[in-house]
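Residue numbers (numbering that gives the first Met the number 0), protein chains in the order written: chain A, 0 to 192; chain B, 0 to 192; chain C, 0 to 192; chain D, 0 to 192.
There are 4 protein chains.
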Amino acid sequence: MKTNVVVLFFSGAGHTQKMAEAVARGAASIPGVQTSTIAIKGDDITQGRWKNDATLAQLDAADAIIFGTPTYMGGPAAQFKAFADSTSERWFHRNWKNKLATGFTVSAGPSGDKLSTLFYLFTLSMQHGMIWISQGETPFNDKGINRLGSYSGAMGQAFTEPAEVAPNSQDLLTGETLGQRVAEAAVRWKRGA
Amino acid sequence: MKTNVVVLFFSGAGHTQKMAEAVARGAASIPGVQTSTIAIKGDDITQGRWKNDATLAQLDAADAIIFGTPTYMGGPAAQFKAFADSTSERWFHRNWKNKLATGFTVSAGPSGDKLSTLFYLFTLSMQHGMIWISQGETPFNDKGINRLGSYSGAMGQAFTEPAEVAPNSQDLLTGETLGQRVAEAAVRWKRGA
Amino acid sequence: MKTNVVVLFFSGAGHTQKMAEAVARGAASIPGVQTSTIAIKGDDITQGRWKNDATLAQLDAADAIIFGTPTYMGGPAAQFKAFADSTSERWFHRNWKNKLATGFTVSAGPSGDKLSTLFYLFTLSMQHGMIWISQGETPFNDKGINRLGSYSGAMGQAFTEPAEVAPNSQDLLTGETLGQRVAEAAVRWKRGA
Amino acid sequence: MKTNVVVLFFSGAGHTQKMAEAVARGAASIPGVQTSTIAIKGDDITQGRWKNDATLAQLDAADAIIFGTPTYMGGPAAQFKAFADSTSERWFHRNWKNKLATGFTVSAGPSGDKLSTLFYLFTLSMQHGMIWISQGETPFNDKGINRLGSYSGAMGQAFTEPAEVAPNSQDLLTGETLGQRVAEAAVRWKRGA
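Right under this line is the structure:
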């Protein structure tokens, strides 16, 4: 049975979607891994509450979940947070305990309070009893992986540029590398069970 | 002209509203201060985006804004975050720079990741160039003020109890004390201008 | 070959040592696991810099490291931080990449900014490319496990009481449960390699 | 009587000292303000505990304290933390309540977990009941002020370059601007008393 990695993200202007695709591409490159990419849609949010049982069922079946969101006003997008709040029943029943998790985010500045968003994605994962995979790579490589110096997850930079050019290829490679890392960890974690 | 303190909050089950009322009561007790209490409504959120120009105009006119939200899944409620995201135009135009700010939150556990939420409310305020007022009181008093040991803002505890009994009177007094403190600071800050 | 779990901690007045012993007891109860408990000593700190090559070598040999420190003035004790700063060479050479990690902390208040310390222990572990194990348990049990509502690691409460009585038996059981959890994860992670 | 702004910092390799001098230069440029710059010295640290009563007395006399430290291993330098831990008696007696505070930090990466350090400096200030001044400026200016996109305090970037060239002139201007801002706020806050 394949190891199942789900990339669950919200994207407003398409930049975070580019990161999500890069992360999923990395995860899919690992033998024995199947990957899904799921976008949080505004249509599923009513009065600030997100509801999509099919998506929750896909997450229930995951071995690892990689969370992605832009950093809006110093934290995760409200649309992502609406999804997060809707997982409280899973939290209560500990359905996601021991799944692997990590995260990525995109904002305009080099720092840009992106760490605040990663801290939130971590805190959400901890509430669920999940296990958090670090970014893993230092910036000391000649490919630009982790050029922004993020250790808790992957960071990409984009402001009002078209999603074709931002996040740039180095940031996308950072995301791809994180996807590989989580998928490898998920295979190992499943094998050890 | 009176010093204008606005308590802006979201409440799901009524517990955070009780805290908001206590905070506002404290602020209103300071001479020369007028206080408004504004609830974020789910009706103002469409596809995860909050819009209410009248509320934003009230906030534009404030000398101090006190932000309140439950802690849901380790962070601010999505409804609060939808409001926060909608302030990006104010952020760009620096409309709220130098206003005073602080925050309060409610969740079930004594710790309960409430500090994560206060860190977010702080980060939002920093994005706006605001000035953050600490909680001020230690737990070393015989009234139960700040019994949970929170320094960055006020914390209240409530789970599924009715809002009539939780947060308890000590937590409400903690909120009231914070409201007084912020109102006094706002009067002083305005007088010094 | 046994799975090697090291509990590395600083304790000022003995309360954090009690938590460390409980965590180690939990880890040692898992078949196939050997546990070491190492206290950071002030004698190893000169001008704010910690040095103890034997301890670093023990950590190099660990499959999982559990970090513990009191929360002093809203963060990890300086003595713990002196240890952390001394790991920069390990960081540069990625020696601890993929080891498991988690943390625990003790302070006076129920909340008491303990989450700030756990966020730091997490950030340190992320810098090293480690994998962070959540606390795992909700407070919904009749034994008092995780009574304070902490998800990122274990929290204990103690002020000026003797270390014989604080942290209390519920907090010590919280630590013991975390130790078991990390040891089980380390066995599984090693087996999957 | 002049408004008294103290810049209290630790610097290992001289980069943070350059930032401290820029911050102090900005503060000193405001009429009616006197500025002191105090370096935390390793000589004052014994077994991880800092002691310097003359420095504490200078801080007691400050209207505003600006805290600075490199980001080492994802948090404040141990030497800075040793100072912070030594302020617990001031904390207990609330000596620094209502003083203004802000912070700055330097590390190698553009993000580089510097926000973790600013969160700590904020948390320390909150413990003391202080009032935190935001960075204030967005990166949308043609001088490079706040080029890294930090809102909670000032960030500078430096790795192993000589302190003559890093942090660069834009980062130093960011620090200088923060110093001006805090000094102006301190004058206003004192006048309003």
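Positions of the beta carbon are idealized from the N, C-alpha and C atoms, including for glycine.
Treat the numbers as computed from the prediction; the structure is a model and nothing was measured.
Expressed to the nearest angstrom, what Euclidean distance is found between the alpha-carbon atoms of residue i and residue j?
i, j, result
"Thr68(D)", "Ala21(B)", "38 Å"
"Ile144(D)", "Ser168(D)", "9 Å"
"Gly174(A)", "His14(A)", "12 Å"
"Ile44(D)", "Thr34(D)", "25 Å"
"Ile29(C)", "Leu117(D)", "39 Å"
"Glu183(C)", "Leu177(B)", "45 Å"
"His127(A)", "Asn97(B)", "38 Å"
"Gly191(D)", "Ala185(B)", "10 Å"
"Ser85(D)", "Arg93(D)", "14 Å"
"Ala153(B)", "Gly102(B)", "7 Å"
"Ala107(B)", "Ala157(B)", "5 Å"
"Lys17(C)", "Lys50(D)", "28 Å"
"Thr159(D)", "Lys113(A)", "25 Å"
"Val164(D)", "Val181(A)", "38 Å"
"Ala83(D)", "Met125(A)", "29 Å"
So, does the CB of residue i fall closer than 7 Å to a CB anywhere in chain D?
i, result
"Gly191(B)", "yes"
"Leu99(C)", "no"
"Ile44(C)", "yes"
"Gly135(B)", "yes"
"Pro69(A)", "no"
"Met0(B)", "no"
"Gln16(C)", "no"
"Ile29(B)", "no"
"Ile64(B)", "no"
"Pro138(A)", "yes"
Helix, strand or coil: which one does DSSP assign to residue i?
i, result
"Arg89(B)", "helix"
"Val164(D)", "coil"
"Gln156(D)", "strand"
"Gln33(C)", "strand"
"Gly178(B)", "helix"
"Gly73(C)", "coil"
"Phe9(A)", "coil"
"Trp95(C)", "coil"
"Phe103(D)", "strand"
"Thr173(C)", "helix"
"Ala192(D)", "coil"
"Arg187(A)", "helix"
"Phe139(A)", "coil"
"Ala61(B)", "coil"
"Gly41(A)", "helix"
"Gly67(C)", "strand"
"Arg48(A)", "strand"
Is there a Cβ from chain A that is less than 7 Å from the Cβ of residue i?
i, result
"Gly152(B)", "no"
"Arg146(C)", "no"
"Gln179(C)", "no"
"Ala83(B)", "yes"
Shorter than 7 Å from the beta carbon of residue i to some beta carbon of chain B?
i, result
"Met129(A)", "no"
"Pro109(C)", "yes"
"Ser149(C)", "yes"
"Gly75(C)", "Per the sequence shown, the amino acid found at residue 75(C) is Pro instead of Gly. Not one chain B Cβ lies under 7 Å of Pro75(C)."
"Met72(A)", "yes"
"Gly25(A)", "no"
"Ala12(A)", "no"
Assuming residue i and residue j form a contact by the criterion Cβ under 8 Å, report the distance between their Cβ atoms to the nearest whole angstrom.
i, j, result
"Met72(A)", "Ala100(A)", "About 23 Å separates the two Cβ atoms, so there is no contact after all."
"Thr70(A)", "Gly111(A)", "6 Å"
"Ala38(B)", "Phe9(B)", "7 Å"
With a threshold of 7 Å between beta carbons, is residue i in contact with chain C?
i, result
"Ser115(D)", "yes"
"Trp188(A)", "yes"
Nearer than 6 Å: is that true of the beta carbon of residue i relative to any heavy atom of the ligand SAM?
i, result
"Ala153(D)", "Ligands are entirely absent from the displayed structure, and the ligand SAM is therefore not among its contents."
Please state whether the Cβ-Cβ distance between residue i and residue j is less than 7 Å.
i, j, result
"Val4(B)", "Leu58(B)", "no"
"Ala81(C)", "Ala12(D)", "no"
"Trp131(A)", "Trp131(C)", "yes"
"Ser149(D)", "Gln134(D)", "yes"
"Pro166(A)", "Tyr119(A)", "no"
"Gly155(A)", "Asp170(A)", "yes"
"Phe66(C)", "Leu7(C)", "yes"
"Gly31(C)", "Thr54(C)", "no"
"Gly25(B)", "Gln179(B)", "yes"
"Thr36(C)", "Ala19(C)", "yes"
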